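Following the numbering used here, the numbering of the sequence shown begins with 35 at its first residue and continues without gaps.
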Amino acid sequence: MKLTLYLSVALIATTTSLSAQVVDFEDLTLAPNSFYNGDPGGVGDISHDGTFVSGGITFPNQFGRSGPFVFWDGWSYSNVTDNTTAGFGNQYSAFPGSGSGGSDNYGVSFGPFGDNSITIPTETTFESIDITNTTYAALSMRDGDSFAKQFGGPSGNDPDFFRLIITGLSGGPGGSVIGDIEFYLADYRFADNSQDFILDEWSTVDLTSLAGADTLTFDYESSDVGGFGINTPLYFAADNLVFSSVEVPEPSSLLAMLICGAMALFGYRLSRRRAV
């Protein structure tokens, strides 16, 4: 029993600890009720890499302008609070009307054309991410529009769904697949229609099952599919990406750990001699 006690002391002294890091987009500057979609400003046709960094993590963005048409893909960030206006013109608003927990800023991802991957540093692991619908996608599913159907159909019985497929990769984008997580942004497949839902609040997605992954990618599946693919607007909002990094001891700390281990072993041997 004494050996167990001494070894436990040594183990506690030498175990590395994990520190959580949170990417919440609050380090990015925005005017009230505005967004960043990669637009560098100016006039005329342009193709621009608008990739940005928050919390030390890179979020890919590609922005384009051709005549009167503006387009972007990948990631944007926003603090827009309008959760009542339907349509493409309100594509940067999170349906809850704020960031997670009532915060200001949050990220908005649009696909599937661009790169929406998230890569964290080596020797770190994903913990969780907060996700919700955008207002554009939510109201399109709830009411239907000129491109997409009303979820549930006229009777409310159509088994519609809209889900996000989160894939963990090792080795960066294009690396080895660690696993997938399915997360439903809307689900009308229940026998009891009162259980059908379109996500209207922030929900924390546990990513610990993707241990070993350094990259996340996001894909969509929907029951509403037409000749050109999914009709449901391919957007989601994200906030509070949490990942943990192992704290490597400094040389002085490592020396202290070795001393603790040696003292534990010496104490055990001394107790054995006294017992004899």
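For every residue, glycine included, the Cβ atom is placed at its ideal position computed from N, Cα and C.
On a predicted model such as this, the values are computed, not experimentally measured, just so you know.
Of the listed residues I200, S210 and G205, nearest to E216 (C-alpha basis): I200
Own chain residues within Cβ distance below 6 Å of G261, not counting five before or after: none
Contact between the segment 246-253 and the segment 134-154 (3+ Cβ pairs under 8 Å): yes
Cβ-Cβ distance between L241 and G186 below 9 Å: no
Cβ separation of Q96 and D83, assumed to be a contact under 8 Å, to the nearest whole Å: In this structure Q96 is in contact with D83, their Cβ atoms being roughly 6 Å apart against a cut-off of 8 Å.
Classification of L289 by the beta-carbon crowding that lies within 10 angstroms, buried from 16 upward: Reliability fails at L289, whose pLDDT of 45 lies under 50, so the model's placement of it is uncertain and the value that follows must be treated cautiously. Exposed is the call here.
Opposing strand residues paired with S110 [DSSP bridges]: V142
Limits of the alpha helix (DSSP H) - the one that R176 falls within: T169 to D177
Among N71, D230, P267 and D138, the one whose alpha carbon lies nearest that of P94: N71
Where P66 falls, given that 16 or more other Cβ within 10 Å makes a residue buried: Exposed: under 16 other Cβ atoms inside 10 Å.
Secondary structure, beta strand (DSSP E): runs of 3+ residues fully inside the segment 53-94: Correct list: 80-83, 86-88 and 91-93.
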